[in-house]
Amino acid sequence: MTVLYAKLRVLIKPCLNWGLVVGILVTSLISSLVIDSKRADANTATATPGSAAVTTKLTLTPLKKGDTFQYLINTAAISTLPVTGGTLPTGTTIYTSGNDITGVDVDKYIDVYEVDGTSNIVAFKEFKLTANNIAAPVLTTLPVADIGASAGSTKLTLVANNSGDTFKVQVVSKVTPLPALGATASGKAYTAGSDLTGVDATTNKYVNVYEVDGTGKIVAFSEITLTAGNITAPVVKTATATPGSAAVTTKLTLTPLKKGDTFQYLINTAAISTLPVTGGTLPTGTTIYTSGNDITGVDVDKYIDVYEVDGTSNIVAFKEFKLTANNIAAPVLTTLPVADIGASAGSTKLTLVANNSGDTFKVQVVSKVTPLPALGATASGKAYTAGSDLTGVDATTNKYVNVYEVDGTGKIVAFSEITLTAGNITAPSL
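So in the working numbering the end of the sequence shown lands on 420, straight run, no missing numbers.
Right under this line is the structure:
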């Protein structure tokens, strides 16, 4: 009105033509009303990917409290903007802000109408949809998860919607909203059927699978929720195999993944063919085991399968040992050594019989009991011929003699330790 009043003053002063003034005034008012009617626009309006595949959701705030919304999907932009107070076009759908809209596609248009209680138009907004406004479609062939080949892994069977596309995956701890079609995929490249680690059945149990085009943009998406049956058991927290405290035994030093869990083991002649699953049941024939105890019945190239189990005997973790000579305590000499007085002062002599023809002996005098050495370890001490004098011994301190039967490479084949007494040693010289 201020503009119109200014126009009026300009016209009246030079010519005082009231007819002309009134004509201009009416024309200006009509023009102003028409322009204002075409400026009707929603207060706030955004388009984002919906919560379901191939949907869009609109977040809308009305210009006037109590107004509602309706929408119409078109293949082309609207040719004429609606007027304030106008009537809705045919085919509109009632809409609540934040709900999913189906039937959308890239380059389609969503015309949104804010209407009052009499369904007259109050405001208007048109969206030209892009890929970023639409939730990605799901993979037509849904992904399948199965146990992997390595500990604590799963593997996915995947089929792309489009030939030539590849996959990216991301392991997460909570459900992920559907990504936008054409967005840049998160995660890492993945080949179907390969092991995927870093997963578990309690926290990191969601796997986001993205089908991507050659530019890394999302073409399709699916999220898998893993269960214990989809994941191989993880490795026991710490696990080592060393020679036991008795001949031809092994001992395992184990730390469980979870406090309160226990262990069981099984000895096999071959490696396990399929890793156990988290939460699975124990195989037949396992033995309860306490960390550090001796395990008998072991041999080079045998396997010890160790299962960590919870209070219900379900598998929590797993470790397989392929035994080598270094994991096994050497056997004793079948014919135990005999000590007798030597021929020289302060000496003893040993009667020794090798377990295997062609083997020789090494001996070592020590002042304390020696743990059993590993089968196949390199022997300490010096070469010794049975029946010869062995000096440097006494009945109080240096009274332990370690006897090693060794093969041609100096590796331990068998072991025995003798404890000398005064009666086994000739008197030393004055």
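We treat Cβ as the ideally placed atom computed from N, Cα and C, and that holds for glycine.
Only counting runs of 3 or more residues, tell me where the beta strand (DSSP E) segments fall wholly within the region 88 to 151, in order along the chain.
-> Correct list: 99 to 105, 111 to 118, 134 to 137 and 144 to 147.
For Leu323, which of Val403, Thr74 and Asn283 has the nearest alpha-carbon?
-> Ranked by Cα distance from Leu323, the options Val403, Thr74 and Asn283 are led by Val403.
Could you tell me which residues DSSP pairs with Lys339 in its beta bridges?
-> Answer is Asp330 and Asp379.
Over what stretch of residues does the beta strand (DSSP E) that includes Ser212 continue unbroken?
-> Residue range Ile208 to Thr215 is occupied by the beta strand (DSSP E) that includes Ser212.
How many Å lie between Leu23 and Pro72 at the Cα?
-> A caution first: Leu23 carries a pLDDT of 37, below 50, which makes its placement in the model too unreliable to give a value.
Nearest-angstrom Cα separation, counted from Asp136 out to Ser212 = It is roughly 16 Å from the alpha-carbon of Ser212 to the alpha-carbon of Asp136.
Pick helix, strand or coil for Ala191, following the three-state DSSP scheme.
-> Secondary structure of Ala191 (DSSP, three-state): coil.
Identify whether Ser27 lies in helix, strand or coil by the three-state DSSP scheme.
-> For Ser27, the pLDDT reaches just 40, beneath the cut-off of 50, and the residue's location in the model is therefore unreliable, although a value from the coordinates is still provided. Helix, per DSSP.
Return yes when the Cβ of Lys352 is within less than 8 Å of the Cβ of Tyr394, no when it is not.
-> Yes, the pair counts as a contact, with Cβ atoms nearer than the cut-off.
Residue burial classification, Val251 (beta-carbon count within 10 angstroms, cutoff 16) | Per the sequence shown, residue 251 should be read as Asp rather than Val. Counting Cβ neighbours within 10 Å, Asp251 comes out buried, since at least 16 surround it.
Quick one: is Ser303 buried, meaning 16 or more other Cβ sit within 10 Å of its Cβ, or exposed?
-> By the 16-neighbour rule on beta-carbons within 10 angstroms, Ser303 is exposed.
Lys28 to Thr74 span [Cα, whole Å] | The predicted position of Lys28 is uncertain, since its pLDDT is 43 and thus under 50; no value can be drawn from it.
Does the separation of the CB atoms of Ile91 and Gln60 fall below 8 Å?
-> At a Cβ-Cβ threshold of 8 Å, Ile91 and Gln60 do not count as neighbours.
Going by the beta-carbon positions, is the gap between Ala175 and Lys118 smaller than 8 Å?
-> Going by C-beta atoms, Ala175 is not nearer than 8 Å to Lys118.
Could you tell me the distance, in whole angstroms, from the CA atom of Thr436 to the CA atom of Ser281?
-> As displayed, the chain neither begins before -9 nor continues past 420, which places residue 436 out of reach and without an answer.
Closest residue to Ala170 among Asp95, Thr276 and Ile221 (Cα-Cα distance) = Checking every option, the nearest Cα to that of Ala170 belongs to Asp95.
Rounded to a whole number of angstroms, what is the C-alpha to C-alpha distance between Phe308 and Asp295?
-> Roughly 7 Å between the two C-alpha positions.
Between Gly138, Gly76, Asp57 and Thr120, which lies nearest to Gly183 when the distance is taken from Cα to Cα?
-> Comparing alpha carbon positions, the residue from Gly138, Gly76, Asp57 and Thr120 closest to Gly183 is Gly138.
Would you mind giving the Cβ-Cβ distance between Val226 and Leu244, rounded to the nearest angstrom? I have them listed as a contact below 8 Å.
-> Separation of the CB atoms of Val226 and Leu244 is rounded to 6 Å, and the pair is thereby assigned contact status at 8 Å.
Under 6 Å Cβ to Cβ from Ala236, same chain only, skipping five residues before and after it: list those, please.
-> Asp284.
Identify which residue in Phe405, Ala333 and Asp397 has its Cα closest to the Cα of Ser378.
-> Looking from the CA of Ser378, the closest CA among Phe405, Ala333 and Asp397 belongs to Ala333.
What residue does the beta strand (DSSP E) around Ile408 start on, and which one ends it?
-> It spans Ile402 to Thr409 - the beta strand (DSSP E) in which Ile408 sits, taken as one unbroken run.
Excluding five sequence neighbours on each side, which residues of the same chain lie with their C-beta closer than 6 Å to the C-beta of Lys312?
-> These residues qualify, in order along the chain: Tyr293.
Between Gln354 and Val396, what straight-line distance do the alpha-carbon atoms span, to the nearest angstrom?
-> When rounded, the distance between both Cα atoms is 13 Å.
Would you say the beta carbon of Val393 comes nearer than 7 Å to a heavy atom of the ligand FMN?
-> Ligands displayed in this structure: none; no statement on the ligand FMN is therefore possible.
List the whole-angstrom C-beta distance separating Leu365 from Tyr374, where the pair is believed to meet the contact cut-off of C-beta under 8 Å.
-> Not confirmed; about 20 Å, so no contact.
So, helix, strand or coil for Asn64, using DSSP?
-> When secondary structure is reduced to three states using DSSP, Asn64 falls in the strand class.
Pick out the complete beta strand (DSSP E) segments inside the region 206 to 288, 3 residues or longer, and give them in chain order.
-> Along the length of the region 206 to 288, whole beta strand (DSSP E) runs at least 3 residues long occupy 208 to 215, 228 to 233, 240 to 245, 252 to 258 and 277 to 279, reported in chain order.
First and last residue of the uninterrupted beta strand (DSSP E) at Leu48 = Run containing Leu48: Thr46 to Thr51, per the beta strand (DSSP E) assignment.
From Thr271 to Asp300, what distance separates their C-alpha atoms?
-> Just so you know, the alpha carbons of Thr271 and Asp300 end up roughly 11 Å apart.
CA-to-CA distance, Val128 to Thr17, given in whole angstroms = Because the pLDDT at Thr17 is just 42, under 50, the model does not fix this residue reliably, and the value given afterwards should be weighed accordingly. Between Thr17 and Val128, the C-alpha separation is close to 57 Å.
Kindly confirm or deny that the region 218 to 225 and the region 157 to 173 touch, where touching means at least three C-beta pairs closer than 8 Å.
-> No contact exists between the region 218 to 225 and the region 157 to 173.
With distances taken from CA atoms, which of Pro224, Thr314, Thr46 and Asp330 is nearest Leu265?
-> Comparing C-alpha distances from Leu265 to each of Pro224, Thr314, Thr46 and Asp330 shows the shortest one belongs to Pro224.
Cut-off 7 Å between Cβ atoms - residues of its own chain near Thr82, not counting five sequence neighbours on either side | Leaving aside the five residues that flank Thr82 on each side, the residues in its chain whose CB is nearer than 7 Å to its CB run, in chain order, Gln60, Tyr61, Leu62 and Tyr103.
Sequence-distant residues of its chain with Cβ nearer than 8 Å to Ser337 (five each side left out) = Sequence-distant Cβ neighbours of Ser337 in its own chain, meaning closer than 8 Å and more than five residues away, are Ile331, Asp379, Leu380, Thr381, Val383, Ile415 and Thr416.
Quick one: what does DSSP say Ala417 is sitting in, helix, strand or coil?
-> Under the three-state reduction of DSSP output, Ala417 falls in the coil class, being neither helix nor strand.
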